[in-house]
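For reference, the structure discussed in these notes is given below.
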Amino acid sequence: MTMIFGVPLAVFMGQLMLGLINGAFYALLSLGLAVIFGLLKIVNFAHGAQYMLGAFAALLGAQYLGINYWLALLLVPLVVGAFGALLERLVLRRIAHLDHLYGLLLTFGLALIFEGSLINLFGVSGASYPIPEALSGGIKLPFMFLPTYRGWVLVAALVVCLGTWFIIERTRLGAYLRAGTENPALMQAFGVNVPLLVTLTYGFGVALAAFAGVLAAPLYPVSPTMGSSLLIVVFAVVVIGGMGSILGAILTGLAMGLIEGLTKVYYPEAANTVIFLVMIMVLMLRPAGLFGKEA
Amino acid sequence: MNQTLDRPTASPAVGAHGDEALSLADVNAFYGESHILHGVELRVKRGELVTLLGRNGAGRSTTLKTIMNMVGSRSGSIKINGQETLGMKPHHIPRLGVGYCPEERGIFASLDVEENLLLPPTVRSGGMSLDDIYAMFPNLYERRRSQGTRLSGGEQQMLAMARILRTGAEILLLDEITEGLAPVINQKLAEVLITLKSRGMTIVLVEQNFRFAAPLADRHFVMEHGRIIETIEARDLDARREHLNSLLGV
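As structure tokens, this is what we get:
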């Protein structure tokens, strides 16, 4: 049997693949946080709850409306994203002129409200969401067995991440976003409707979280608390990558997933804390993050 | 004070309001509780180039920002091409054909030169094409892939002006465009302003460098303590230069 540093190749590759898939979720969620922070300067603590709302919307849509996975993948980000846009328009905008801390506290409060309401309605024990038939089973690779759905999650997350990066870095709309991040008052003086841009950006960031939620529904138990535990790790990823850096969020998300996976192979006891250790080191050596601009 | 009006109409009612491009009547402006402009009166005809002169803190830059609705609150009457804009949202005002070039130039660091040029949306037809702009400012063509803020001060100023020319704006509000620039760059900027004026553009120039502004302008408005205290026609300039110098503290 082929061994890598004393570990069987299949185990090594299996954990690497698991790490990469976790990393894909980290990347999707930290990307949404980075997009929102970039333009709104809001540390969106409701992001985990919005991810959870995505998973719940898929679950309830299937149970009560018969909406299948593929339709949910399309509809849920739109619906939850629209809800996010409404939230920005009605609630977050009112505190936009205040210190960033207020945005953080407000979104934290919103997350608790979403989570508490769903716990009240459905309890804390998770429900399962079936893997769509077309993606059941697995592929036998030379060194491991890869469940098809996990492969799909990786591909879908990467496509959405790279698509988002392309829109922000290579299109006119993205140029508006980047410029609006730097100098919103001047963008208005050029005739750009910045308040609308802000609303759509928040809605888009929330839609990314909801998309991740739908992708996660068949993998993890769908429960009201599924977002809060993940969010802490995602915040660590964002800090490591650098607040507001789009490419940084994607690459750091994937890298942290891999590091976590490798730690599970060689020192499982540290697997849950390794990302936070990296975060501490980055904060000490490069406080703006690996991809962030030094102040 | 600021109420929201409907979107501006695409074409101004030229006939009904004569040839006035810009008119301010009893304009007051505030940043929070600070009262900056105190009843500014200003009229600019279509195709004119006028300057706002005055010492630092006189309210010249704030006058331009007030026209663009970039201050905390404002009152009075501000008409652009005869259309009242006091209750308009900030992003509707440029769509009346106004281009604003801020004192700090406002070049976006995250965009390259060409992205900066293409950024402001077209507000009306008849703007300069990218080729026209590169012909007018050859340096910008050579550095079109450079990050906007890596240009020299003079090139950044040219970029800040060039990007509003592309939008089709016909009223240009230019704030301290010569600040900190070498005489040779100022000469180039003066040539550009003469060209733009000859194309019928209306230009309001906030300027500290009176020697730059004097030969270009049709009229000079002198501001002090948030008011226009004197209007001097270009033809009267020589006779009143001593008086003007005393007002400006030169």
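Chains Y and A, in that order, give the protein sequences. For the first sequence, counting from 1, position 178 maps to 178 in the UniProt record's numbering; every step adds exactly one. For the second sequence, counting from 1, position 196 maps to 196 in the UniProt record's numbering; every step adds exactly one. Backbone N, C-alpha and C define an ideal beta-carbon position, used for all residues, glycine too. This one's a predicted model, so the numbers in the text were calculated from it and none came from an experiment.
Please determine, among the options, the residue with the shortest C-alpha to C-alpha distance to residue i.
i: Gly47 (chain A); options: A:Asn81, A:Asn186, A:Ala239; result: A:Asn81
i: Tyr129 (chain Y); options: Y:Gly203, Y:Leu31, Y:Gln63; result: Y:Gln63
i: residue 251 (chain A); options: A:Ile203, A:Met70, A:Leu247; result: Residue 251 (chain A) is absent from the structure shown; chain A starts at 1 and stops at 250.
i: Gly81 (chain Y); options: Y:Phe37, Y:Thr201, Y:Leu254; result: Y:Thr201
i: Ile171 (chain A); options: A:Glu179, A:Asp132, A:Met161; result: A:Met161
i: Gly123 (chain Y); options: Y:Met226, Y:Leu277, Y:Ala216, Y:Gly38; result: Y:Met226
i: residue 316 (chain Y); options: A:Asn245, A:Ser75, A:Asn116, A:Cys101; result: Because chain Y here runs from 1 to 295, residue 316 (chain Y) falls outside it and cannot be looked at.
i: Asn28 (chain A); options: A:Asp19, A:Val40, A:Leu119; result: A:Val40
i: Trp165 (chain Y); options: Y:Met13, Y:Leu104, Y:Gly248, Y:Val79; result: Y:Gly248
i: Ser75 (chain A); options: A:Leu244, A:Ala25, A:His225, A:Asp236; result: A:Ala25
i: Ala127 (chain Y); options: Y:Ser223, Y:Tyr69, Y:Ile113; result: Y:Ser223
i: Tyr100 (chain A); options: A:Val113, A:Leu159, A:Asn209; result: A:Leu159
i: Leu277 (chain Y); options: Y:Ile4, Y:Phe291, Y:Thr181, Y:Met256; result: Y:Met256
Since I believe residue j is in contact with residue i (beta carbons under 8 Å), could you give me their beta-carbon distance rounded to a whole number of angstroms?
i: Val238 (chain Y); j: Leu33 (chain Y); result: 5 Å
i: Gly241 (chain Y); j: Thr252 (chain Y); result: 3 Å
i: Leu151 (chain A); j: Leu49 (chain A); result: Actually they do not touch by this definition, with Cβ atoms about 26 Å apart.
i: His38 (chain A); j: Gly191 (chain Y); result: Between Gly191 (chain Y) and His38 (chain A) the Cβ distance is about 29 Å, and since that is not below 8 Å, they are no contact.
i: Ile250 (chain Y); j: Leu31 (chain Y); result: 6 Å
i: Arg124 (chain A); j: Gly168 (chain A); result: 4 Å
Quick one: list the residues of chain Y neighbouring residue i, beta-carbon separation under 8 Å, in chain order.
i: Leu111 (chain A); result: Ala175, Arg178, Ala179
From what residue to what residue does the alpha helix (DSSP H) around residue i run?
i: Asp99 (chain Y); result: Where Asp99 (chain Y) is concerned, there is no enclosing alpha helix (DSSP H), given that its DSSP letter is neither H nor E.
i: Ala57 (chain Y); result: 47 to 60
i: Ser122 (chain A); result: In the sequence as presented, Ser is not what sits at residue 122 (chain A); that position holds Thr. Element bounds for Thr122 (chain A): n/a, residue is neither H nor E.
i: Gly241 (chain Y); result: 226 to 241
i: Ile21 (chain Y); result: 9 to 40
i: Ile194 (chain A); result: 183 to 198
i: Ile250 (chain Y); result: 246 to 266
For residue i, go through chain A and note every residue whose CB falls closer than 7 Å to its CB, in chain order.
i: Glu182 (chain Y); result: Phe108, Ala109, Ser110
i: Gln188 (chain Y); result: Pro90, His91
Are any of the Cβ atoms in chain A nearer than 8 Å to that of residue i?
i: Gln50 (chain Y); result: no
i: Val76 (chain Y); result: no
i: Val194 (chain Y); result: yes
i: Leu90 (chain Y); result: no
i: Gly14 (chain Y); result: no
i: Ala295 (chain Y); result: Confidence at Ala295 (chain Y) is low in this model, with a pLDDT of 47, below 50, so the placement of that residue should be treated as unreliable; the coordinate-derived value is given next. By this cut-off, Ala295 (chain Y) is not an interface position.
Shorter than 8 Å from the beta carbon of residue i to some beta carbon of chain Y?
i: Leu248 (chain A); result: no
i: Glu115 (chain A); result: yes
i: residue 256 (chain A); result: This structure leaves residue 256 (chain A) out entirely; chain A is present only between 1 and 250.
i: Val123 (chain A); result: yes
i: Leu172 (chain A); result: no
i: Leu159 (chain A); result: no
i: Leu140 (chain A); result: no
i: Pro120 (chain A); result: yes
i: Gln3 (chain A); result: Since pLDDT at Gln3 (chain A) reaches only 39, below the 50 mark, its modelled position is unreliable, and the value read off the structure follows with that caveat. No - not a single Cβ of chain Y is within 8 Å of the one on Gln3 (chain A).
For residue i, return the contacting residues in chain Y, with the cut-off set at a CB-CB distance below 7 Å.
i: Met70 (chain A); result: Ala185, Ala189
i: Val204 (chain A); result: In chain order: nothing, as chain Y lies at least about 14 Å away.
i: Tyr100 (chain A); result: Ala189
At which residues does the beta strand (DSSP E) containing residue i begin and terminate?
i: His38 (chain A); result: 34 to 45
i: Val222 (chain A); result: 219 to 224
i: Glu230 (chain A); result: 227 to 233
i: Phe145 (chain Y); result: 145 to 147
i: Asn28 (chain A); result: 20 to 31
i: Asp175 (chain A); result: 171 to 175
i: Thr85 (chain A); result: First-last for Thr85 (chain A): undefined, no H or E at that position.
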